[in-house]
Amino acid sequence: GAKADGRRTYRFFEAGMDQRAKARRSLELELRQAITDGSLETYYQPVLNIEDGKISSCEALLRWRHRERGMISPAEFIPIAEDSGLINELGQWVLNAACAEAVNWPAHVRVAVNISPVQFRSQSLSLNVAAALAASGLPASRLELEITEAVLIRDDAALDALHQLRKLGVRIALDDFGTGYSSLSYLQRFPFDKIKIDRSFIKDIAGPGASSSIVQAVVNIAAASDMMTTAEGVETEQQRNLLYILGCTEMQGYLFSPAISAADVRRLLLSHRARAMSAA
Ligand code: C2E
Ligand code: MG
Ligand code: MG
Ligand code: MG
């Protein structure tokens, strides 16, 4: 009867939960190991000045080459690291790796590092950032930290933390703008150097919807407050041309390059191609 079926479904559900919890737990253990066994690697995606096509910075993006499962996306393992508290260790590892790599780049090229909201709330973030800079010798002005709107909810604490980081001399970018809870008024209240406009708006920018007006509004507000704007996920020439017309300052996306290995970035930065991509 229905009751028996219900019970059976419930038991299946429980077993499924158990399996998933176990899989998660083992991934967590493997991730802990990955930090030290060399299967984690930071890739870097170039960010270009839209006007002259020069590379202004590169964003560090984590890659995990799992022995059996192949490449695991950060979208999958970052949340696990956040839930387990492993994100602080992982985040520090990325910070150190990115700063150590960026000292090899031409002096005008910055490195951008994603900071999880969990890391952002940790009391020791500014100390950890200072430690990564000291260990690598990278000037603070060449490090950019990317935070998401989620950290801004706890208004006062977030503002304090941002000012602390600012005192170090690093730059702060607001990542994935438009996907979170923030309003345009946040842009004026918090000391950002850069707004990264989420890919979802760039994707539809040439279409009939409101995307291009939204991008225009963000670009205008940013410009009025001396902030730069980076368009995320630029994949076509048409998108780039529109962004150029709208006054967006930087772009990042598959049109120019996906995230590539540290060795490939070094080659790219040395090569002529880095400067050869001309403006619209
Ligand atoms: P994000 O910081 O917004 O990074 C941009 C993501 O968009 C990257 O995905 C990048 O590979 C992808 N992307 C760039 N250009 C294009 C494009 O033209 N088209 C499309 N479809 N995608 C594009 P990825 O590397 O898979 O990273 C996903 C997210 O994982 C990142 O989003 C970031 O939130 C997080 N993440 C990655 N590395 C780290 C890290 O070291 N620490 C933390 N806390 N989060 C990280
Ligand atoms: Mg980012
Ligand atoms: Mg982003
Ligand atoms: Mg995004």
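Going letter by letter, the sequence shown gives residues 356 to 635 in full-length UniProt numbering. All C-beta atoms in this analysis are idealised placements derived from N, C-alpha and C, irrespective of residue type, glycine included. Bear in mind that the values here come from a model prediction, so they are computed numbers and not experimental data.
Sequence-distant residues of its chain with Cβ nearer than 7 angstroms to residue i (five each side left out)
i, result
"Gln543", "Ser580"
"Gly446", "Ile470, Ser471, Gln474"
"Arg375", "none"
"Ala436", "Leu386, Ile442, Leu445"
"Asp373", "none"
"Tyr541", "Leu507"
"Leu624", "Ile410, Trp460, Pro461, Val464"
"residue 687", "Outside the shown range of the chain, which is 356 to 635, sits residue 687, and nothing can be said about it."
"Tyr485", "Sequence inspection shows Ala at residue 485; the Tyr mentioned does not correspond to that position. Around Ala485: Leu523."
"Asp559", "Ser566"
Residues near residue i in its chain [Cβ-Cβ closer than 8 angstroms; skip 5 each side]
i, result
"Thr585", "Val402, Ala528, Lys549, Ile550, Lys551, Ile552, Cys603, Thr604, Glu605, Met606, Gln607"
"Ala634", "In this prediction, Ala634 has a pLDDT of 42, which is less than 50 and means its spatial position is unreliable; nothing more can be read from the coordinates."
"Ala512", "Arg476"
CB contact flag (residue i, residue j, <9 angstroms)
i, j, result
"Gly467", "Glu499", "Before going further, note that residue 467 is Ala rather than Gly in the sequence given. A contact, by the Cβ cut-off of 9 angstroms."
"Phe475", "Val449", "no"
"Gln400", "Ala614", "yes"
"Arg379", "Leu395", "no"
"Thr534", "Ala561", "no"
"Val570", "Leu539", "no"
"Phe545", "Leu517", "yes"
"Ala452", "Thr397", "yes"
"Leu601", "Ser567", "yes"
"Cys454", "Val620", "no"
"Arg622", "Leu610", "no"
"Ile557", "Val589", "yes"
"Pro429", "Leu416", "yes"
Boundaries of the alpha helix (DSSP H) in which residue i is found, first to last residue
i, result
"Arg465", "No alpha helix (DSSP H) holds Arg465; the beta strand (DSSP E) holding it covers 465-469."
"Ile435", "429-439"
"Ile442", "442-457"
"Leu514", "510-523"
"Phe475", "472-476"
"Leu542", "541-544"
"Val484", "480-491"
"Val573", "566-579"
Cut-off 6 angstroms between Cβ atoms - residues of its own chain near residue i, not counting five sequence neighbours on either side
i, result
"Ser626", "none"
"His421", "Ile427"
"Asp530", "Glu501, Thr503, Lys551"
"Glu456", "Ala617"
"Ser491", "Cys454, Ala455, Val458"
"Ala487", "Leu450, Asn451, Cys454"
"Ser439", "Glu383"
"Gln593", "Ala561"
Residues that residue i bridges to, as DSSP identifies them
i, result
"Pro401", "Cys413"
"Ile615", "Tyr399"
"Glu605", "Asn404, Thr585"
Opening and closing residue of the beta strand (DSSP E) in which residue i lies
i, result
"Arg422", "Unbroken run through Arg422: none, as it is neither H nor E."
"Ile600", "From DSSP, Ile600 is part of no beta strand (DSSP E) but of the alpha helix (DSSP H) over 592-601."
"Asp530", "526-532"
"Glu499", "498-503"
"Ile552", "549-552"
Cβ-Cβ separation, residue j to residue i (assumed contact under 8 angstroms), whole Å
i, j, result
"Leu493", "Val458", "5 angstroms"
"Leu523", "Ala495", "5 angstroms"
"Leu482", "Phe432", "No, Leu482 and Phe432 are not in contact; Cβ-Cβ is about 25 angstroms, not under 8 angstroms."
"Met582", "Phe547", "5 angstroms"
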